[in-house]
Structures are given as C-alpha cells and as structure tokens.
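Engineer: Please see the structure below; I have some questions.
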Amino acid sequence: MLTYIIRRILILIPMAFVICFLVYLGLELTPGDAVSHMISPDMLGSMDPERLEALRQSLGLGQPFYVRFWSWFTNLIQGNFGYSTNGGVPIASILATRLPATLELAAIALLFSTIIGSILGVISALKRGTATDSALTVVGMLGVSIPEFFFGLVAILIFGLNLGWLPVGGRSMPGYLTLWDRLPHLVMPALVLSIMLTAGVMRYARSSMLDALSRDFIKTARSKGLPEWRVNVLHGFRVALTPVVVLIGFRLPVLIGGSVIIEQVFQWPGIGNEFISAVRSQDYPVVMTIALLSVMAVLIASLIVDILTALIDPRVRLGE
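In the working numbering, the protein residues as written are 3 to 322.
Encoded structure:
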C-alpha cells in the first residue's frame, strides 16, 4: 500500500508543476502588467515614462519569462502568493481569512451529500420497483436538473423570509465565533450546495448496489443463512461503495465550482465570494491564485480518492 501511495504522489508532482506553469502563463497573457494593475489609469497616463520603466525593473518585469516564472514558483512553494492589486494586501492574508469559511461550507455539504445520498441510494435499490423507488428516482432527477441558485433562492424565501427559521445570509452574527453559533447560518447554504451531489450519489449508489446484489457471492451469503441486513450491508454495500467513492472524488470540482454561486446567493464570506469580487475589480493575481488553489484541491482530492479506493478494493493496488 505504501508503494502505491508513493507512486501516486510521484505522478502528482509533475502534474502540479505543469498546472502552476499554465496558471502563470495565463497571468502573463492578461492585459497589462503588474505596474498597470497597481496604479490607476489616470495616474499611469501622467507618470514619467522613465519612472515607470524604473518601477517595472524594480519588480523584475524586465527579466525573461522563465526567470520570472521560477521566482514566482519558488515563492509559491514557500507560501508567498504575492500581493493583491487592490490595496496591496498579501494574498496569503486574504486566503487565511476566506479559506476557512469555504472549507467549512464544502466539508459540511460533502458530509451531507455522502451520507444522505448513500442511504437513499441503498433504500432505492432494496425497494426496487416499488413506489418508494419511483419517488426517490424522481427526487434524484429533480436534484440534478434544477440549478443550485434556484434552490438557494427558494430556500431563502421559504425558510428565511416567510418562516424565519434560519438566517438568510452571512456566516455568523457579530461576536458569535464558535461553530455552534454559526450552525444556523451554515445549515441552509450547506444543504443547498449538497443537493446536486446528493442526487448524483443517490443514483450511482442505487445502480451500484443493484449490481452488487446480483453477484454470485450475495447468493452464496444468503444460501449460508446469513441475516438479510448482514448480506446487504456487509457484503453488498461494501462492494457498492467503491464506485460511489470514485464518483464523490470526481464531483469535487462541481462542489468547489458550485460554492462560488452559493456563496454569492447567501453572502457567505468565503473564497468564492472573494473570487467574484476579484474578477469584478480585475485583481488578476488574486483570481489566478484562487484558480490555482482550486485545481490543486481537485488534484489532492483525486489522490485521496485513489488511496481510499485502494483501501476498500485491494484489486486496485495492481503492481504493488
């Protein structure tokens, strides 16, 4: 197993390097340079050209592309992401403020979708052909068909404005900093964010469970007189879990992308909200850093999924 993990990490390193290169290339291809991003257009037009050139040289913009990329990459590894063009705030400081909120929202949404989707998928498989199976199938179709922002707006209208059960936005009230205090603010955006992934997990768990229940080892387990719950849970669900775990890993980009919209709808102070603000103000260093972190998060999630899959199904560890 250790050999498998090391091999996967060694594959991940060059992929991460290539992604960093592409992100930096994208930053290079954006209009203007770092100086034009730091100074307003009015001041830029009135500044002395020699002073502008001296400023560009002091920032290293006169160096070749590959030298600037290597300097940026080494700083990135050390945790130095550069500075925002809006106020010169270190990007690392922005991430430290915003990232915990996004991770909290995504983690709760992933937990909701995994547990609820797996349970409903197994129930739908065990009740195949019944009214329960048909109702859950319809619910799954609605979950993957309707956009998340629509669910968010409906949830705000019903549970926030009409019933007044939950706050309609923000992460917490001023002065309330514990997770318990934030829980009422977290419930609605996390549930809305998890709807699409829950529907996907439910449909996949249903088909995977049906496939597992048709295998010969299930018939053998039943012929031995094992209780039905033990046959379904310990034998059927364990085999059905492997493709579900893979699906969750591949749906993580959808979860991360969806958090940008949900954070806007619920005014959640996370990375997605900061990303939209940076795009509106043309703060390219912040935009590219968040895009880079999103891609890296997907790569790391893919590694975790591979390891979990290998733990669940030893056949995956081929070549060990």
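Using N, Cα and C, we set each Cβ at its ideal position, and we do this for glycine too.
Since this is a predicted model, take the numbers as computed values, not measurements.
Please state the DSSP three-state secondary structure of proline 186.
Structural biologist: Helix at proline 186.
Engineer: Using alpha carbons as the reference points, say which of Leu313, Ile309 and Met298 lies closest to isoleucine 15.
Structural biologist: Closest by alpha carbon: Met298.
Engineer: At which residues does the alpha helix (DSSP H) containing isoleucine 273 begin and terminate?
Structural biologist: 273-282
Engineer: Answer yes or no: do valine 288 and isoleucine 93 have a C-beta to C-beta separation smaller than 8 Å?
Structural biologist: yes
Engineer: Could you check what DSSP says for proline 66 in three-state terms: helix, strand or coil?
Structural biologist: coil
Engineer: What does the Cβ neighbour count give for aspartate 218, buried or exposed, with the cut at 16 atoms within 10 Å?
Structural biologist: exposed
Engineer: Cβ atoms of alanine 207 and arginine 91: under 8 Å apart, would you say?
Structural biologist: Per the sequence shown, residue 91 should be read as valine rather than arginine. Contact flag unset, no.
Engineer: Note down the Cα distance separating methionine 211 from leucine 305, rounded to an integer number of angstroms.
Structural biologist: As the crow flies, the alpha-carbon of methionine 211 is around 25 Å from that of leucine 305.
Engineer: So glycine 274 and valine 262 are supposed to be a Cβ contact under 8 Å. How far apart are they, rounded?
Structural biologist: 4 Å
Engineer: Between the C-alpha atoms of glycine 64 and glutamate 55, what's the straight-line distance to the nearest angstrom?
Structural biologist: 9 Å
Engineer: Does the count of Cβ pairs from the stretch 188-200 and the stretch 110-123 closer than 8 Å reach three?
Structural biologist: Yes, the stretch 188-200 touches the stretch 110-123.
Engineer: What separation, rounded to the nearest whole angstrom, lies between the Cα atoms of leucine 313 and leucine 294?
Structural biologist: Roughly 29 Å between the two C-alpha positions.
Engineer: May I have the straight-line CA-CA distance separating methionine 175 from valine 203, to the nearest angstrom?
Structural biologist: 33 Å
Engineer: Isoleucine 1: which of Leu310, Leu301 and Thr311 sits nearest, CA to CA?
Structural biologist: Since the first residue of the chain shown is 3 and the last is 322, residue 1 is not available in this structure.
Engineer: For the putative contact between alanine 103 and glycine 272, defined by C-beta atoms under 8 Å, what is the C-beta separation to the nearest angstrom?
Structural biologist: Between alanine 103 and glycine 272 a beta carbon distance of about 4 Å is seen, short of the 8 Å cut, so the two are scored as contacting.
Engineer: Assuming leucine 310 and valine 247 make a contact with CB atoms under 8 Å, what is their CB distance in whole Å?
Structural biologist: 5 Å
Engineer: Look at the Cβ atom of tyrosine 26, then the Cβ atom of phenylalanine 83, and state whether they are nearer than 8 Å.
Structural biologist: no
Engineer: Is the Cβ-Cβ distance between serine 126 and leucine 138 less than 8 Å?
Structural biologist: yes
Engineer: For alanine 133 and proline 245, I'd like the C-alpha separation in whole angstroms.
Structural biologist: Looking at the backbone, the Cα of alanine 133 and that of proline 245 are separated by about 26 Å.
Engineer: Tell me the rounded alpha-carbon separation between methionine 3 and alanine 303.
Structural biologist: 18 Å
Engineer: Have a look at threonine 200 and glutamate 106 and give me their C-alpha separation to the nearest angstrom.
Structural biologist: 18 Å
Engineer: Would you mind stating whether alanine 214 and valine 241 have Cβ atoms separated by less than 8 Å?
Structural biologist: In contact: alanine 214 and valine 241 (Cβ atoms closer than 8 Å).
Engineer: Between glutamate 322 and the rest of its own chain, which residues show a CB-CB distance below 6 Å, the 5 nearest in sequence each way excluded?
Structural biologist: The pLDDT assigned to glutamate 322 is 48, lower than 50, so where the model puts this residue is not dependable; a value taken from the coordinates is nonetheless given after this. Hits under 6 Å: Thr5 and Tyr6.
Engineer: Apart from the five residues just before and just after lysine 129, which ones in its own chain have a Cβ nearer than 6 Å to its Cβ?
Structural biologist: Asp135
Engineer: Between the alpha carbons of phenylalanine 23 and proline 229, how many angstroms are there, rounded?
Structural biologist: 56 Å
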